[in-house]
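A.B. asks: Its first residue numbered 20, the sequence shown is counted upward by one per residue in our numbering.
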Amino acid sequence: MKIFLIAIGILAALSVMLILWLPTYIMTGKRQTLEEAFLWQSDHYDTSFYGKLDKTDYTITGAEGYVLHAELLTNPEPTARYMILTHGYTDNRKGALKYVPIYLRAGFNCVIYDLRGHGENKADFTTYGIREGMDLKAVIEDTKKRYPDLSVLGLHGESLGAAATIACLKYRPDVDFAVADCGFSDIRNVLERGFRNAHLPAEAMFQLADLGAKIKYHYSLKEMRPIDSLYENEIPLLFLHGAEDSFIIPQNSRDMEKATKGMADVHLIPRAEHAVSVLVQPELYEKYVSEFLEMTVSIHKNDTIRK
């Protein structure tokens with residue numbers, strides 16, 4: 020009996036450890052420094068344009084008073100158009116640089132910033148769109164106040180940044196369009212796919228992780244569903260996704276394109292895996308973005324004229 024009780028005690032202790040470890044692993048992964056992120060970017064494409072730009076560093080107060088570090092990249096050609104670019108999980112604002120040349124050529128200034136818990140920001144856990152969407156809302160509001168000349172404002176997000184972009188739409192922000200690259204409709208399908216690939220019981224592991232997240236961080240993984248922000252959304256959306264993405268599968272973008280109430284389009288980028296579409300097919304990627312911008316900015320101009 021004593022041995023049995025000891026075994027039960029050990030099993031219970033291991034279960035508690037697993038329940039608390041899982042959300043820590045899922046929500047506080049190792050982050051890159053700005054230097055590490057820029058080095059990765061420079062190893063994969065020409066980043067020399069960055070050094071030639073006029074740059075302004077500043078901070079923004081996000082949700083719950085959280086401080087976000089941001090940077091304005093000023094277009095060499097004077098413009099009143101602005102883009103806010105949001106990077107992916109474990110990356111930082113330097114990870115958004117691979118999209119900047121597209122928007123510079125399209126006549127936009129670019130605002131890049133660190134998601135909470137990333138880059139120069141204070142350590143914090145990720146909520147896969149919940150607080151990140153609220154933070155982005157604050158970035159949007161700050162951008163409109165900070166740059167009163169602003170005439171057009173767009174959003175672009177990659178992976179977790181795409182989730183933040185989509186989740187932010189529930190607040191009906193005053194933006195003209197949004198581009199979501201390889202985003203997830205809900206974090207559950209991503210985690211369960213990862214568990215299955217690791218030959219673990221996906222449903223049981225997710226339930227344990229969700230329980231741990233609620234205990235340790237007071238957030239439920241089941242509520243991390245950016246797609247829920249789209250059912251009343253009327254902001255034009257462009258979904259881009261690597262056709263070979265096995266981490267966040269393309270069906271996520273297809274589902275979100277169907278869910279939104281407003282104008283939307285989705286394009287799968289051939290031969291591209293997760294978060295590298297713009298590097299694998301740069302010309303095709305820019306073609307899709309440029310066509311989308313031409314249509315949405317034109318709509319914005321017409322609306323302004325009518326007003």
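Where is the CB? At the ideal position from N, CA and C, for every residue including glycine.
As the structure is a prediction and not an experimental result, all values here were calculated from the model.
1) At which residue ranges does the region 96-157 contain complete alpha helix (DSSP H) runs of 4 or more residues, listed in the order of the chain?
2) What did DSSP end up calling L257 once you bin it into helix, strand or coil?
3) I need the DSSP call for F311, collapsed to helix, strand or coil.
4) One question on the structure: do Y101 and Y190 come within less than 8 Å of each other, judged by their Cβ atoms?
5) Which of helix, strand or coil does DSSP assign to I324?
6) Does K280 come out as helix, strand or coil in the three-state DSSP assignment?
7) Looking only at its own chain, which residues have a Cβ that is under 6 Å from the Cβ of F214, when we skip the five neighbours before and after it?
8) In this structure, how does DSSP classify A199 when only helix, strand and coil are distinguished?
9) With a CB to CB cut of under 7 Å and the five nearest residues on each side skipped, what residues in its chain are close to E253?
10) Could you spell out the range, first to last residue, of the beta strand (DSSP E) harbouring D168?
11) What did DSSP end up calling H63 once you bin it into helix, strand or coil?
12) Hey, how far is the Cα of G81 from the Cα of L303?
13) Rounding to the nearest angstrom, what Cα-Cα distance links M46 and G180 in this structure?
14) Give me the Cβ distance between L287 and P269, rounded to the nearest whole Å; I'm assuming they're in contact under 8 Å.
15) What residue range does the beta strand (DSSP E) around E90 cover?
16) For a test of the three-state rule: what should DSSP assign to D161, helix, strand or coil?
17) At which residues does the alpha helix (DSSP H) containing T184 begin and terminate?
C.D. replies: From the atom records:
1) 119-124
2) Counted from its first residue, the sequence shown places residue 257 at position 238. Strand at L257.
3) As a working note, residue 311 is residue 292 in the sequence shown. It is helical.
4) Reading the sequence shown from its first residue, position 82 is the one you call residue 101. Reading the sequence shown from its first residue, position 171 is the one you call residue 190. No, Cβ-Cβ distance for Y101 and Y190 is not below 8 Å.
5) By one-based count along the sequence shown, residue 324 stands at place 305. The predicted model places I324 with a pLDDT of 31, which falls under 50 and marks its position as unreliable; any figure quoted below should be read in that light. DSSP places I324 in helix when its eight states are reduced to three.
6) Numbered from its first residue, the sequence shown carries residue 280 at position 261. Note: K280 maps to coil in three-state DSSP.
7) Working through the sequence shown from its first residue, we reach residue 214 at position 195. Once the five neighbours on either side are set aside, the close Cβ partners of F214 are A221 and M224.
8) As a working mapping, residue 199 is identified with position 180 in the sequence shown. Reduced to three states, the DSSP call for A199 is strand.
9) Against the sequence shown, residue 253 aligns to sequence position 234. Excluding positions up to five away in sequence, the list reads K280 and G281.
10) By one-based count along the sequence shown, residue 168 stands at place 149. Taken as a continuous stretch (DSSP letters only), D168 belongs to no beta strand (DSSP E), as it is neither H nor E.
11) Stepping through the sequence shown from its first residue, residue 63 is reached at position 44. Of the three classes helix, strand and coil, the one that applies to H63 here is helix, per DSSP.
12) Counting from one through the sequence shown, the residue named residue 81 turns up at place 62. Counting from one through the sequence shown, the residue named residue 303 turns up at place 284. Spanning the two alpha carbons is a distance of roughly 35 Å.
13) Position 27 of the sequence shown, counted from the start, is the residue given in the question as residue 46. Position 161 of the sequence shown, counted from the start, is the residue given in the question as residue 180. Those two C-alpha atoms are separated by around 15 Å.
14) As a working note, residue 287 is residue 268 in the sequence shown. As a working note, residue 269 is residue 250 in the sequence shown. The Cβ separation is near 5 Å, so the contact holds.
15) Taking the first residue of the sequence shown as position 1, residue 90 is located at position 71. First-last of the beta strand (DSSP E) with E90: V86 to T93.
16) For this step, residue 161 is matched to residue 142 along the sequence shown. Here D161 sits in helix by DSSP.
17) In the sequence shown, counting from the first residue as 1, residue 184 sits at position 165. It spans L179 to C187 - the alpha helix (DSSP H) in which T184 sits, taken as one unbroken run.
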